[in-house]
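Have a look at the structure below before the remarks.
In my numbering, the protein residues as written are 17 to 290.
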């Protein structure tokens, strides 16, 4: 089992926070982790490294790779070693309004594949943090190219978060033949316990489960503003960290045979039901 875990979700839903803290949980357990940011904001690794935003793949591509054969690349050309030994890479993207960020993700994953880092590379877990608002082949590259394995969708009870999740489930269904499967949902609720019934109903329709309810916790906001460390490092006894430790354990244990192909709704049914 490769333990290639892809965390999807609409912008602002908390997927980057959850992804970075999952990587930290696994690293603190002694696992060798590769953290792959697939979001043009390129902030997924912000709490994993010292010194702020790292140079992105696209920045390196325009500066170096254009004058150098990709076959000459080495892992050190792409990766930044973060705290706890976590290897980090960010796809990045073009300037707003120019080019396609999805293409940058595809280029980065192809380079990582050429180096053998998505199949072997000595990693126990690879965490992909992927934007889920945009329905295009570039952002679906981990699924389309067969790099993914376990798909996690971060949702809230809000309609647009569920709409994005439904679209992501469509992509999982499309590429199920590549070996990807929907491990389940992670609920980052805005209204606390009141949103649980809606999330449970949504999961039932898709034919999946809610892996974890992530609690609202001031420790998350404090870590995001401080930037220099993850919540796991700053507040290891917080309710948020306990939920992430529980999620991390479930994700390592989940098996493809226990995860049916999702049954997403078409748009007409979605708007009729929600």
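Just so it is clear, CB atoms sit at the ideal spot from N, CA and C, and this is done for glycine as well.
Just mark residue i as buried or exposed, buried being the case when its beta carbon has 16 or more other beta carbons within 10 Å.
| i | result |
| --- | --- |
| residue 214 | buried |
| residue 125 | buried |
| residue 139 | buried |
| residue 173 | buried |
| residue 197 | buried |
| residue 142 | buried |
| residue 209 | exposed |
| residue 165 | buried |
| residue 207 | exposed |
| residue 282 | exposed |
| residue 276 | exposed |
Give the single residue among the options whose Cα lies nearest to the Cα of residue i.
| i | options | result |
| --- | --- | --- |
| residue 291 | 211, 200, 235, 244 | The question about residue 291 has no answer here: the residues shown for the chain are numbered 17 through 290. |
| residue 50 | 218, 18, 31, 76 | 18 |
| residue 255 | 48, 231, 242 | 231 |
| residue 191 | 204, 93, 278 | 278 |
| residue 239 | 33, 104, 21 | 33 |
| residue 13 | 100, 68, 64, 93 | With the chain running from 17 to 290 in the structure shown, residue 13 is simply not present. |
| residue 189 | 176, 175, 145, 224 | 224 |
| residue 258 | 270, 274, 235 | 235 |
Grab me the residues of residue i's own chain with a C-beta within less than 7 angstroms of its C-beta, minus the 5 sequence neighbours each way, in chain order.
| i | result |
| --- | --- |
| residue 106 | 53, 58, 60, 61, 70, 72, 73 |
| residue 2 | Nothing can be reported for residue 2: it is not among the residues displayed for the chain, which extend from 17 to 290. |
| residue 280 | 182, 185, 186, 189, 222 |
Near residue i, which residues of its chain fall below 6 angstroms by C-beta distance, leaving aside the five closest residues on each side in sequence?
| i | result |
| --- | --- |
| residue 66 | none |
Excluding five sequence neighbours on each side, which residues of the same chain lie with their C-beta closer than 8 angstroms to the C-beta of residue i?
| i | result |
| --- | --- |
| residue 89 | 81, 127, 130, 131 |
| residue 262 | 228 |
*Taking only runs that begin and end inside the region 29-86, name each unbroken beta strand (DSSP E) of 3 or more residues, in chain order.*
Counting only runs of 3 or more, we get 49-54.
_Taking contact to mean 3 or more Cβ pairs, one atom from each stretch, closer than 8 angstroms, check whether the region 245-257 and the region 26-45 are in contact._
yes
_Quick check for students: name the residue ranges of the alpha helix (DSSP H) that lie wholly in the region 161-204, counting only runs of 4 or more._
Secondary structure within the region 161-204: the alpha helix (DSSP H) runs of 4 or more consecutive residues, fully enclosed, are 175-190 (chain order).
*Kindly confirm or deny that the region 178-187 and the region 24-35 touch, where touching means at least three C-beta pairs closer than 8 angstroms.*
Result yes; three or more Cβ-Cβ pairs closer than 8 angstroms.
_What ranges does the alpha helix (DSSP H) occupy inside the region 201-265, keeping only unbroken runs of at least 4 residues that lie completely in it?_
212-222, 234-242, 247-250
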